[in-house]
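Visitor: Under this note's numbering, the first residue of the sequence shown carries the number 0, and numbering increases by one thereafter. Glycine included, every Cβ here is placed at the ideal spot set by N, Cα and C. Every value quoted in this text rests on a predicted model; they were computed, and no experiment measured them.
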Amino acid sequence: MLKDEYDILVEKLARQGIDVEAIKAALKAQKIETPSWGYANSGTRFKTFGWAGAARTTQEKLDDAAMVNKMTGIAPSVAIHIPWDKPADDDYVAMRQYAEAQGVTIGAVNPNLFQDDEYRLGSLANPDATIRSMAQEISMECCDIMSKVGSKALSMWLADGTNYAGQDSLRHRKHRLLDGLKMVYAAMPRDSRMLVEYKLFEPAFYSTDLPDWGTSLTMCQHLGPNAQVLVDLGHHAAGVNIEQIVAFLLDEGRLGGFHFNNRKYADDDLIVGTVNPFELFLIYHELVDAAQSGEEPAQSTAQNIAYMIDQSHAVEGKMAPMIYSVLNCQEAYAKALLAPRKALAAAQAAGQVIEAHALIADAFRVDVRPLLAKVREEMGVPVDPMAAYRASGYEEKIRKSRGVAANLGGYQ
Ligand code: RM4
Ligand code: MN
Ligand code: MN
């Protein structure tokens, strides 16, 4: 049955002049990084529900990430948060070896600059120099950790901001933040990069020090060529055109990575591709378009993006949603690869508005599941990863051996 569907699709695509083998090769090379924190219990500020089998230690998180990679074949690295993933013996080399023994590598390192009581008024932008130094030091320690775990990305998200008008000098906060980022930037390992994430609001509600992509971009421009913007899909106001931000940053050579998730209202951290799959497809379309454009710096920037998931699974379990998330990214990418770019360029040049739109919308409508099944078969991973996971016995195994972890609230 699947084979028939695949043959029909290949014939159809071949008639459109699409090189299916090239698309399959691109799909096999796709990579999505999963976050260690996504395997642990998490929730909202109201409640963290304990999930039987949720990871309790970094090793368990790495085990789970390795299982997601085994099921999908395209999730070979794991992002870590410090100190959430700080080993008791501080042996990061052992952490790296453990990860590699399970078949995954450590990806982006994220300093938590939002957890300690000292950060009530901010971290790198705090009015108190002692607290700014504390935030700088933990970030610089993360640079050191990067070398030990073999990471090439320092991912900076700051909860910094103010809650009331007049609470602090907005201009001086900008200076403090940039000074702090400069110190951290200088401490990064060679040939690594800093990803500067922005977020509209929360936990600060009057002003956020890095509220939007333009602010992040400006910081990156002040820092140097190895600083790039990280786009978290949940960090914009409703209705913002994220794919346009993606296109703009690619063209500036400053798009560094993504935190994939989905939002309906605020920073909801729902499974990527569940609320707005068309948006995810359009984002991938911009990335594929830039990667194939022959235009610099857009092309090389698009070829060097850190694709990461950043989600909080509060009610849906841990492993199955993570596998599902990876698959949603795979599907969006496949559809984007199918967009007929030459015909699109011609329609755009001729000012054929509806024709151009229809070319893109039609690519989104293609059912790529037979193609993805074929790709998975050729990669030697399960053709239906969700079903394979359910049948694997892994969920029962971790449920029994781990039980329900005690909940500390928040993201722990
Ligand atoms: C923030 C942001 C960061 C994430 C934290 C836990 O909203 O998305 O990337 O690490 O949440
Ligand atoms: Mn994020
Ligand atoms: Mn977020």
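I'd like to confirm something about residue 40: is its beta-carbon nearer than 7 Å to some heavy atom of ligand 1, or not?
Guide: Locating residue 40 in the sequence shown gives position 41, where the first residue counts as 1. Because no heavy atom of ligand 1 lies under 7 Å away, the Cβ of residue 40 does not count as near it: no.
Visitor: What three-state label does DSSP hand residue 26 in the structure shown?
Guide: For the purposes of this step, residue 26 is taken as residue 27 along the sequence shown, with counting starting at 1. In the structure shown, residue 26 adopts helical secondary structure according to DSSP, grouped into three states.
Visitor: Would you mind stating whether residue 31 and residue 328 have Cβ atoms separated by less than 8 Å?
Guide: Taking the first residue of the sequence shown as position 1, residue 31 is located at position 32. Taking the first residue of the sequence shown as position 1, residue 328 is located at position 329. It is a contact, given that the beta carbons lie within the stated cut-off.
Visitor: Under the criterion of a Cβ to heavy atom distance below 7 Å, does residue 267 qualify as lining ligand 1?
Guide: One-based indexing of the sequence shown puts residue 267 at position 268. No, Cβ of residue 267 sits at least 7 Å from all heavy atoms of ligand 1.
Visitor: Please list the terminal residues of the continuous beta strand (DSSP E) segment that includes residue 228.
Guide: As a working mapping, residue 228 is identified with position 229 in the sequence shown. 226-231 is the span of the beta strand (DSSP E), which, as asked, contains residue 228.
Visitor: Helix, strand or coil: how does DSSP classify residue 42 here?
Guide: Translated into positions along the sequence shown, residue 42 becomes position 43. For residue 42, the secondary structure class from DSSP, reduced to helix, strand or coil, is strand.
Visitor: So what does DSSP say about residue 394, is it helix, strand or coil?
Guide: Here residue 394 corresponds to residue number 395 of the sequence shown, with the count starting at 1. Helix, per DSSP.
Visitor: Which ranges does the beta strand (DSSP E) cover as unbroken runs of at least 3 residues, wholly within the stretch 233-286, from first to last along the chain?
Guide: 254-259
Visitor: Should residue 284 and residue 359 be called a contact, given that it needs their Cβ atoms to be closer than 8 Å?
Guide: The residue labelled residue 284 in the question sits at position 285 within the sequence shown. The residue labelled residue 359 in the question sits at position 360 within the sequence shown. Taking 8 Å as the Cβ cut-off, residue 284 and residue 359 qualify as a contacting pair.
Visitor: Got a sec: does ligand 3 put a non-hydrogen atom nearer than 7 Å to the Cβ of residue 160?
Guide: Taking the first residue of the sequence shown as 1, we reach residue 160 at position 161. No, Cβ of residue 160 sits at least 7 Å from all heavy atoms of ligand 3.
Visitor: Is it the case that the CB of residue 309 approaches a heavy atom of ligand 1 more closely than 7 Å?
Guide: Counting from 1 along the sequence shown, the entry for residue 309 is found at position 310. Yes; taking the cut-off as 7 Å, the Cβ of residue 309 has a heavy atom of ligand 1 nearer than that.
Visitor: Below 7 Å, is the gap between the Cβ of residue 156 and the nearest heavy atom of ligand 2?
Guide: As a working note, residue 156 is residue 157 in the sequence shown. At least one heavy atom of ligand 2 is nearer than 7 Å to the Cβ of residue 156, so yes.
Visitor: Compare the C-alpha of residue 311 against each of 303, 304, 52, 321 and name the closest.
Guide: Residue mapping note: residue 311 aligns to position 312 of the sequence shown, counting from 1. Here the closest residue by C-alpha is 321.
Visitor: Output yes or no for whether 8 Å exceeds the beta carbon distance between residue 415 and residue 83.
Guide: Any property of residue 415 remains undetermined from this structure, which presents the chain solely from 0 to 411.
Visitor: Considering just the uninterrupted stretch of the alpha helix (DSSP H) at residue 192, what are its terminal residues?
Guide: Within the sequence shown, numbered from 1, the residue matching residue 192 stands at position 193. Membership of residue 192 in any alpha helix (DSSP H) is not indicated; the residue belongs instead to the beta strand (DSSP E) covering 192-196.
Visitor: Expressed to the nearest angstrom, what Euclidean distance is found between the alpha-carbon atoms of residue 11 and residue 246?
Guide: The count along the sequence shown starts at 1 and reaches residue 11 at position 12. The count along the sequence shown starts at 1 and reaches residue 246 at position 247. Taking the straight line from one Cα to the other gives about 29 Å.
Visitor: How big is the Cα-Cα spacing for residue 17 and residue 278?
Guide: The residue given as residue 17 occupies position 18 in the sequence shown. The residue given as residue 278 occupies position 279 in the sequence shown. The alpha-carbon atoms of residue 17 and residue 278 are separated by roughly 23 Å.
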